[in-house]
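Encoded as structure tokens, the structure appears first; notes follow it.
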Amino acid sequence: MPGTGSPVSPHGDVPHPLGQGGTPGAGHEMRLPAAPAPTTVRTPVNVLTDESTITRWTLDNPMGLLHRRSVAVTRNDAPDRPARRVPAPLLRPEGFTMSAHAGTRSFDVVVVGLGGLGSAAAWHLARSGRSVLGLEQFEFGHGNGASHDTSRILRHSYHRPDYVRLTHHAYADWADLEQASGERLVTTTGGVDLRPEGSSLPLDDYWKSLDSENIPYELLTGEEVTTRWPQISLPEGTTALYQERTSIVPAARSVAAMQRLARASGATLLDRTPVTAVHPTAHGVEVVTPDARYSAGQVVLCTDAWANTLLTPLGRTVPLTVLDQQVTYFEPPEPERFAPATFPVWIWLDEPSFFGFPCYGEATVKAGEDCGGPEVSPDRRTGTTDGAMLDRLSGFMAERFPGSGAPVRSRRCLYTLTPDRDFVLGTVPGAERILVGLGAAHAYKFAPTLGRMLAELADDPALAATEPYTTFRLDRPALTDPGHPVNWMT
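Residues 1 to 490 in UniProt numbering are what the sequence shown spells out, letter by letter.
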């Protein structure tokens, strides 16, 4: 019965699609080892000023003042991983010289673009023993792409089983990043997907996909939602899906953490260094910047909205739609009602589709419209607030979250969409030493996982013939057939 989902824990022995250990091939099932027992830690709490803490609130006086208290937070550590393999000799062709000393112009791998995916790839490549150069066209910590600002959603709830399957690895890899960095990065709030009556977006795709991976959930009526969270006002006939492990991860802070870990593992990272061309050579790849040329055994392109700048000269253009997305922060008069301990992450499944967060790092709630921005060139943006988008979102928030308060600021970011909104993760046909990672505007939750997958693909090109790499390859029909239908559902 779909009302409660499966009671089986998602942290046990689950299929591993990423090719860790053994030799991938037809009929060969990869499995993660069972996760260790949960570890209990104690942490001070202050959600409105420190996004790295876990929120708990007490209202134990007549004035309703907030009191901080220490709480026990249970987390699941990442499953043990097998030792990383030594890079295959075939990836260092005869005539290619690697040098890792300061000032080198030759590296095992050059990573172009150091947002979420690129920083994760640089970290995983460097921790595996590769010499790595990472190049970022803007300054570190910039707000020109899709990996800046504060909160992103980490969730199991997806409309397809293959993505739900991948979320097992996302949670494990975020735990790995927390352990490696020594930072608390995952704040668990629970999440509710809200579907009004008559919506064309089917909620049953979500619970059926969760069932396929034995992930527990609750199906709720609108009345049950508003009873549990009176901050929400819903139209009659609304149904909902609640998943308790939905969490918040910090975008800018986790990018900085992965960059720090990459450097600690020996990577060289340079900002304000745009790449103007990549040229396959007889012995690897040449990477060209305005001031230098670098030799690499392989190149990983994580340039998102700028992907075709380097791909088109290689004879491969990806059909991308780039939207200038906008999120807005609202200031609730009673922020304690929207604290992560008492208010969930939410997604509104309708057209238009909206999403939002509890207070995180400050006494505001963040919300936005999915795929609601105008199409733009990434180099021709004003950065100003879009009044129509703000009015549309503000009206929705006033109606459905009446205590969320007035908007206080908006921020822009890029949505880079493929026609099927699947990731791009693979090698360039005809230039297999060049790899591409692109997140299709829903990948931040998977950033540590996709970075690891890129590093593993660089180490073992045979993985390209296995799932999930085959789903995300550059030569799939959605990226090669001009008549392929567009579907941006996630």
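We put the beta carbon where it would ideally sit given N, CA and C, even for glycine.
Meets three-Cβ-pair contact criterion under 8 angstroms: the stretch 113-130 and the stretch 287-305: yes
Taking Cβ positions, are G118 and G134 nearer each other than 8 angstroms? The Cβ-Cβ distance between G118 and G134 falls below 8 angstroms.
Let me make sure I understand the geometry here. Which of F446, V436, V327 has the alpha-carbon closest to that of V408? V327
Give a yes or no on whether the C-beta atoms belonging to P468 and L234 are separated by under 8 angstroms. no
Quick one: give me the first and last residue of the alpha helix (DSSP H) that A257 is part of. 251-264
G182 versus S157 - alpha carbon distance: 27 angstroms
Could you give the uninterrupted runs of the beta strand (DSSP E) lying entirely in the stretch 395-436, keeping only those of 3 residues or more? 406-417, 424-428
Whose CA, out of G403, P290, K366, V192, lies closest to the CA of P333? G403
A277 to L320 span [Cα, whole Å]: 20 angstroms
Thinking C-alpha only, which one of G430, D324, A363 is nearest M389? D324
State the DSSP-derived secondary structure class of H148, mapped to helix, strand or coil. coil
If contacts are defined as beta-carbon pairs under 8 angstroms, then I232 and T239 qualify, I think. What distance do you get, rounded to the angstrom? I232 to T239, Cβ: 13 angstroms. No contact.
Host beta strand (DSSP E) of A296 (start-end): 293-301
Helix, strand or coil for V285 per DSSP? strand
Sequence-distant residues of the same chain with beta carbon closer than 7 angstroms to F357, five excluded per side: S151, I248, V345, V365, K366
Buried or exposed for A175, going by 16 or more other Cβ atoms inside 10 Å? Buried: at least 16 other Cβ atoms inside 10 Å.
With DSSP as the reference, label W123 as helix, strand or coil. helix
Compute the Euclidean distance between the alpha carbons of R380 and C359, then round it to the nearest angstrom. 32 angstroms
Expected contact under 8 angstroms - CB spacing of R130 and V109 to nearest Å: 5 angstroms
Tell me which residue opens and which closes the alpha helix (DSSP H) that K208 is part of. 204-212
Closest by CA to G361, which one among A251, G143, Y171, E236? A251
If we count the other Cβ atoms within 10 Å of its Cβ and call it buried at 16 or more, is T384 buried or exposed? exposed
Which listed residue (A170, S295, M397, L349) has its alpha carbon closest to that of L241: L349
Given a threshold of 16 other Cβ atoms within 10 Å of its Cβ, counted over all protein chains shown, does D481 qualify as buried or as exposed? exposed
Where the alpha helix (DSSP H) through T449 begins and ends: 447-459
If you drop the 5 nearest sequence neighbours on each side, which residues of the same chain put their C-beta closer than 7 angstroms to that of L479? Hits under 7 angstroms: V318, P319, T418.
Quick one: is W346 near chain D, going by C-beta distance under 8 angstroms? Considering every chain present, this structure includes no chain D. It has just one protein chain.
Beta-carbon separation of L261 and A180 under 8 angstroms? yes
Does the distance from the CB of D162 to the CB of T449 come in under 8 angstroms? no
Check whether the Cβ atoms of L454 and L435 lie closer than 8 angstroms to each other. Contact: yes.
Beta strand (DSSP E) segment containing S106, residue limits: 106-112
Is it right to say T416 is buried, meaning 16 or more other beta carbons lie within 10 angstroms of its own, or is it exposed? The residue is buried, with at least 16 neighbouring Cβ atoms inside 10 Å.
Buried or exposed: where does D304 fall if 16 or more other Cβ atoms within 10 Å of its Cβ makes it buried? Flag for D304 reads buried.
Proximal residues to A126 (C-beta, below 6 angstroms), its chain only, five neighbours per side dropped: Same-chain partners within the cutoff: V132, A262, S265, G266, A267.
Just reading off the beta strand (DSSP E) that Q243 is part of, what are its end residues? 239-243
Quick one: Cα of residue 491 to Cα of E351, how far? Residue 491 cannot be examined here, being either before or after the span of the chain that is shown, 1 to 490.
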